[in-house]
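To convert, note that position 316 of the sequence shown is 322 in our numbering; the numbers rise steadily by one, no gaps. Here's the structure we're looking at; comments come further down.
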Amino acid sequence: MRPRGTAMACDGTRTGGSVLILVMWTLVFLSALAIAVASYVDAGLRLAGKMKNLAGAGQAARAGVEKAIMDAAADTNSWDSFDESWNSSEDLFKDVPLGEGFYSIQSVRRPSGGQAVTNYGLVDEESRININTASRELITAGIEAAGGVDHGTAVELAASIVDWRDPDDDALTGGAEKSYYQGLDQSYRCRNAEFQTMRELLLVKGVSYDLFVKIAPYLTVHGAGRVNINTADEAVLKSVARVAGGADATVADSLAGKIAGFRGGGGVFKAPVPAEIVRQLKQSVALTPAEEGVLAGMMGMLTTQSGCFGGVATGRMKNSAADEVAVEFVFDREKGSKLNWYVR
7 MRPRGTAMAC
17 DGTRTGGSVL
27 ILVMWTLVFL
37 SALAIAVASY
47 VDAGLRLAGK
57 MKNLAGAGQA
67 ARAGVEKAIM
77 DAAADTNSWD
87 SFDESWNSSE
97 DLFKDVPLGE
107 GFYSIQSVRR
117 PSGGQAVTNY
127 GLVDEESRIN
137 INTASRELIT
147 AGIEAAGGVD
157 HGTAVELAAS
167 IVDWRDPDDD
177 ALTGGAEKSY
187 YQGLDQSYRC
197 RNAEFQTMRE
207 LLLVKGVSYD
217 LFVKIAPYLT
227 VHGAGRVNIN
237 TADEAVLKSV
247 ARVAGGADAT
257 VADSLAGKIA
267 GFRGGGGVFK
277 APVPAEIVRQ
287 LKQSVALTPA
297 EEGVLAGMMG
307 MLTTQSGCFG
317 GVATGRMKNS
327 AADEVAVEFV
337 FDREKGSKLN
347 WYVR
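Laid out in structure tokens, this is it:
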């Protein structure tokens, strides 16, 4: 017969072992819980930090826009041209420190036949053809020159653009009005009023995204409607000249090239006065009587001073370059008001 004390000792050993196992499993559970909580807290802290950085970056971008408006307003002469600081200045517009962050103001340009170029500065909205005010003929010429489409297609696209902005429901030949848009599988209404943004152009019949990318740098929905002869791309100048010159595209294109060449040499037109522009051009290049005639016809569509400017403001924090906020904007310099604001 086994002694009673021995049985009690064995029972105590088994009980102690069970407690040890329970303690170990408890420690494993608590360790796993601690890891899970730590991961959750760490993710929350990272998210909070990212939100803080994005908020600061957004404030920096907004401050950059306000500074750009002030810089443009400080330009008080009677003309606007590429040789002015609003157009290009890394000192004014590239990685400008602001508190714990930076802002930059950029504009992307696509010179005729060339690749897109990023510039630190503003873009003159009135260097472009205003699709809210331009004639059907001028819009046609602009699309044909910038979009690489044939004349017939450009005519139909221009008709659809004019139909979109005009107040009636009578479609122009090749255009589209209410009945066309309401007949689509995913129907929507034709605005029958002025375009509010350039992206609205993507709703117009015949305007694909690829075409939009090509023509958007040469078109605008802002400004008084006249094209700035000092800042317009050569493709825009050709479009204006072709409308003014009628059927003779050769003369129109030659004149546009001479104007662009004059500007490329540092020339600036300070007033939209035909005789003065002719005099300035003749100092560097010969003009034919036909070209002078086309220039005279262009004057009703040209200006030398602009009121609306735009660009892309980017903001970021010093401790987090990856958390960047970009804002597309357009403002009216004379009124000091923002006409377009789009956070990307």
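All C-beta atoms in this analysis are idealised placements derived from N, C-alpha and C, irrespective of residue type, glycine included.
If you look at T320, you'll find it isn't in any alpha helix (DSSP H); it sits in the beta strand (DSSP E) that goes C314 to M323.
In this structure, the beta-carbon distance from R134 to V242 falls below 9 Å.
Counting every other CB atom within 10 Å of its CB across the protein chains shown gives L28 a total below 16, marking it as exposed. With fewer than 16 other beta carbons inside 10 angstroms of its own, Y348 counts as exposed.
Fewer than three Cβ pairs drawn from the region 178-195 and the region 105-112 lie within less than 8 Å of each other, which leaves the two stretches out of contact. Counting only the Cα atoms, M304 lies some 24 Å from T159.
For Q188, the enclosing alpha helix (DSSP H) begins and ends at K184 to Q188. L128 carries a coil assignment under DSSP once its states are collapsed to helix, strand and coil. Between the region 315-326 and the region 51-70 there are three or more C-beta pairs closer than 8 Å, enough to call the two in contact. Annotation for L104: A66 and A69 place their beta carbon closer than 6 Å to its own, counting only its chain and skipping 5 residues before and after. For L301, there is no enclosing beta strand (DSSP E); the enclosing alpha helix (DSSP H) covers residues P295 to M304.
In the three-state DSSP reduction, F268 falls in the helix class (H, G or I). Comparing alpha-carbon positions, the option among E132, K73 and A61 lying closest to M307 turns out to be E132. Between N125 and N93, the C-beta gap is smaller than 9 Å, which places the two residues in contact. The C-beta of T294 has fewer than 16 other C-beta atoms within 10 Å across all chains shown, which makes the residue exposed.
V257 and K100 have their alpha carbons spaced roughly 41 Å apart. I145 has its alpha-carbon roughly 10 Å from the corresponding atom of Y224. D216 sits in a helix when the DSSP states are folded into three classes. In the DSSP assignment, S166 falls within the unbroken alpha helix (DSSP H) covering H157 to R171.
Taking 9 Å as the cut-off, the Cβ atoms of V333 and C314 do not count as close. Boundaries of the alpha helix (DSSP H) around R248: E240 to G251.
If you draw a straight line from the Cα of E340 to the Cα of N346, it comes to about 15 Å.
Counting along the chain, A332 sits inside the beta strand (DSSP E) bounded by residues S326 to D338. Taking 9 Å as the cut-off, the beta carbon of I283 is found no closer than this to the beta carbon of I221.
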